[in-house]
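Working notes for the structure below.
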Amino acid sequence: MREKIEKIIRNAIKIDPSEKITIEVPGRPEHGHFATNIAMALASKKRMPPRKIAEHIVSNIQDKEGIIEKVEIAGPGFINFWIKDEAWYKSLKLILDKRENYGRQDIGKGKKVMVEFVSANPTGPLHIGHARGAAVGDTLCRIMEFTGFDVTREFYINDAGNQIRLLGESIYSRFRQFSDPEYPFPENGYHGEYVIDLAKRISQERDLSSMKEEEAIGFCAERGKEILMEKIKEDLDAFGVHFDSWFSEKSLYESGLVEKAIKSLEEKGLLYEKDGALWIKTSQFGDDKDRVLRKSDGQFTYFASDIAYHMNKRERGFEQAINIWGADHHGYIPRLKAALVCQGFPENWLRILLIQLVKLWKGGKEVKMSKRSGEFITFRELMDEVGVDAMRFVFLTKSHDSTLDFDIDLVKRKDTENPVYYVQYAHARICSIFRKAEEKGVNYKEPDLEELSCLKLPEEIELIRNAVEFPYVLKEIINNLEPHRLTYYLTSLASVFHRYFNLGTNRPENRVVTDDPILTNARLSLSEAVRIVINNGLRLLGVSAPERM
RNA sequence: GCGCCCGUAGCUCAGCUGGAUAGAGCGUUGGACUACGAAUCCAAAGGUCGCAGGUUCGAAUCCUGCCGGGCGCACCA
1 MREKIEKIIR
11 NAIKIDPSEK
21 ITIEVPGRPE
31 HGHFATNIAM
41 ALASKKRMPP
51 RKIAEHIVSN
61 IQDKEGIIEK
71 VEIAGPGFIN
81 FWIKDEAWYK
91 SLKLILDKRE
101 NYGRQDIGKG
111 KKVMVEFVSA
121 NPTGPLHIGH
131 ARGAAVGDTL
141 CRIMEFTGFD
151 VTREFYINDA
161 GNQIRLLGES
171 IYSRFRQFSD
181 PEYPFPENGY
191 HGEYVIDLAK
201 RISQERDLSS
211 MKEEEAIGFC
221 AERGKEILME
231 KIKEDLDAFG
241 VHFDSWFSEK
251 SLYESGLVEK
261 AIKSLEEKGL
271 LYEKDGALWI
281 KTSQFGDDKD
291 RVLRKSDGQF
301 TYFASDIAYH
311 MNKRERGFEQ
321 AINIWGADHH
331 GYIPRLKAAL
341 VCQGFPENWL
351 RILLIQLVKL
361 WKGGKEVKMS
371 KRSGEFITFR
381 ELMDEVGVDA
391 MRFVFLTKSH
401 DSTLDFDIDL
411 VKRKDTENPV
421 YYVQYAHARI
431 CSIFRKAEEK
441 GVNYKEPDLE
451 ELSCLKLPEE
461 IELIRNAVEF
471 PYVLKEIINN
481 LEPHRLTYYL
491 TSLASVFHRY
501 FNLGTNRPEN
511 RVVTDDPILT
521 NARLSLSEAV
531 RIVINNGLRL
541 LGVSAPERM
């Protein structure tokens, strides 16, 4: 619908094709179904009063398809459009025809995109911050797939640094403490309960006491990492997040990709040696200063492997990379981007979405968490306590760049405080209407356009208008990488439906199921269309759409 | 000190990239079912959009400077 109006405007006045025309849904009904400010936007460029431009546009409008009921110029120069009911009925029919594919678009045109997210260190269980990243990342992926992108979900495993060594030391120390409580624990070791569990499990699998200390620590590190990765996979699986690929940092070293990356940078003259270390000239490309790739002790830094990793992403044919990171990594962005741009990567090849921190509340108090101190509530515990649907939905009700208060007691409540039930209830309610109709002997069938024309209530047109916004909402989400808009949209669609439904509470003639078979069928069609959109939307959120609650 | 994010109703947050009278949920007050499901709906009350300038026909939105809060500023990962 928007596209059609835009086309009509472009045909009515000469506009630079690059000029953007914003078409919005006005907040007040007397301003029409759609409005544009194009006349005001062009006023200064054309040196003409906006109302004059608007008049020019309006008088040149050619409505070949006959979708426009009325056009008005209002206020300083807005052009307001009213759409004919018939055009709305056609849109409604389109939803019914496309069903689970309604909203599917080819914005991406098959573009190969890698979305890397969660990427938690395998040194402990996932926590609530990871959960937020998982929810946002996975929903973004689902929406991108639905809009024509070829998406790969990847989890980057940081298994190369000394944190894995530290994990091994922590496990080994716990093992020794079983027999010798005085055995020292590593200074920055991992204190969580899970380390003790790992020590128990690993010592049952293998006789650690017969091994040399070094060997035992190495074994604990390797095995501990494996077990934790399994748990991470299980948790994500239960959350409905399935990665296509798990990429090990260690493998970058083993396959020589880090060396190769360094060599390539060297050939481009981007490296130099200073104080026994190898540096990269990122400061010339937007970073605060140059960075070390190889320390004076000969070890590569994490940054080196990260550069190699992103070069490898591109070599694997990805035309775009999206990384979803915790906000505490923001300082790292300029250097990574600089390192890629300096070797000729397109400016926006890598896009990074920062997810702000989550504050966990329980019993009216903030729960402070730290992996080192071992005081935390795990992702798994939360998921078991509040449920996947509520969790995924709540994480997407806030913009990703705003910190989020996650109140367990609140999210757990299965009542009106929880927006996920509001949307799910609308879905269940529609299913219930269909059950009721069947009980009454109504046979619902696909409507033709003619029949839909009995939908005359303003609330009915309003409902169609809201439902057909769905594809546009998805488009906006993709353009801005703001998946949280979907929950707002669904909540508002559910609201419009609930209001419509309640028209029938005291007035049977306004119910969906009435004595008039044609009207009933048309209203069932409308309800079905709403159900389809809610169902498609919830699917993209990874939230279930129950038929009963 | 420098950088990034946030500051909107009592609370938690949206605000369609500069538009018309700033929205939702919760909370408060008052209403609507012998039922197409009340997990819903209707109504009321509640705002100097952190502060001060600037840009223009027009600013919660863009720019500058302050003030608060969070997070970063390694030859760690």
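Taken in order, the first sequence gives residues 1 to 549; the numbers are from the numbering used here.
C-beta: ideal position from N, C-alpha, C; glycine also.
Outcome for residue i when other beta-carbon atoms lying within 10 angstroms are tallied against a minimum of 16
| i | result |
| --- | --- |
| A339 | buried |
| H329 | exposed |
| G317 | exposed |
| R294 | buried |
| G75 | exposed |
| G364 | exposed |
| L236 | buried |
| H400 | buried |
| G192 | buried |
| N418 | buried |
Where residue i falls: helix, strand or coil (DSSP)
| i | result |
| --- | --- |
| I21 | coil |
| F149 | coil |
| I280 | strand |
| V115 | strand |
| R551 | The structure shown does not extend to residue 551, since the chain is modelled only from 1 through 549, so no value can be given for it. |
| W349 | coil |
| T301 | coil |
| L293 | strand |
| G567 | The structure shown does not extend to residue 567, since the chain is modelled only from 1 through 549, so no value can be given for it. |
| E385 | helix |
| T487 | helix |
| G66 | coil |
| G326 | strand |
| E509 | helix |
| K274 | strand |
| N121 | coil |
| L360 | strand |
| D407 | strand |
| A54 | helix |
| F78 | strand |
| E6 | helix |
Cβ-Cβ distance between residue i and residue j below 9 Å
| i | j | result |
| --- | --- | --- |
| T520 | F393 | no |
| G168 | G218 | yes |
| I352 | I377 | no |
| T139 | G108 | no |
| L474 | I196 | no |
| F303 | R291 | yes |
| M229 | P122 | yes |
| G66 | A87 | yes |
| I15 | A54 | no |
| K225 | I164 | yes |
| L198 | I171 | yes |
| Y489 | F470 | yes |
| I408 | L360 | yes |
| L92 | S402 | no |
| K13 | F81 | Per the sequence presented here, residue 13 reads as Ile, with Lys not at that position. Cβ atoms of I13 and F81: not closer than 9 Å. |
| H427 | R511 | no |
| R132 | L404 | yes |
| D384 | K250 | no |
| R380 | A529 | no |
| R551 | D287 | In the structure as shown, the chain starts at 1 and stops at 549, and residue 551 therefore has no counterpart that could be examined. |
For residue j and residue i, believed in contact at Cβ under 8 Å, the rounded distance
| i | j | result |
| --- | --- | --- |
| I355 | V136 | 6 Å |
| N466 | L493 | 5 Å |
| L252 | Y309 | 6 Å |
| G32 | P50 | Their Cβ separation, rounded to whole angstroms, is 17 Å, which puts G32 and P50 out of contact at 8 Å. |
| I128 | V420 | Incorrect: roughly 17 Å between the Cβ atoms, too far for contact. |
| Q343 | L410 | Rounded, the Cβ-Cβ distance is 48 Å, inconsistent with contact. |
| I433 | S305 | 57 Å between Cβ atoms; not a contact. |
| F175 | L208 | 6 Å |
Selection from the options that minimises the alpha carbon distance to residue i
| i | options | result |
| --- | --- | --- |
| F34 | I8, S18, K46, S44 | I8 |
| V533 | D516, I157, I171, F497 | F497 |
| G331 | K289, V367, V358 | K289 |
| D244 | V258, D207, F117 | F117 |
| G103 | G537, R548, E154, F149 | G537 |
| K260 | N312, T301, G276 | N312 |
| F345 | K20, T491, Q320 | Q320 |
| G240 | E249, A390, N480, A39 | A390 |
| I21 | A39, P29, R28 | A39 |
| E24 | N535, Y472, I478, T514 | Y472 |
| L166 | R548, D97, C220, R435 | C220 |
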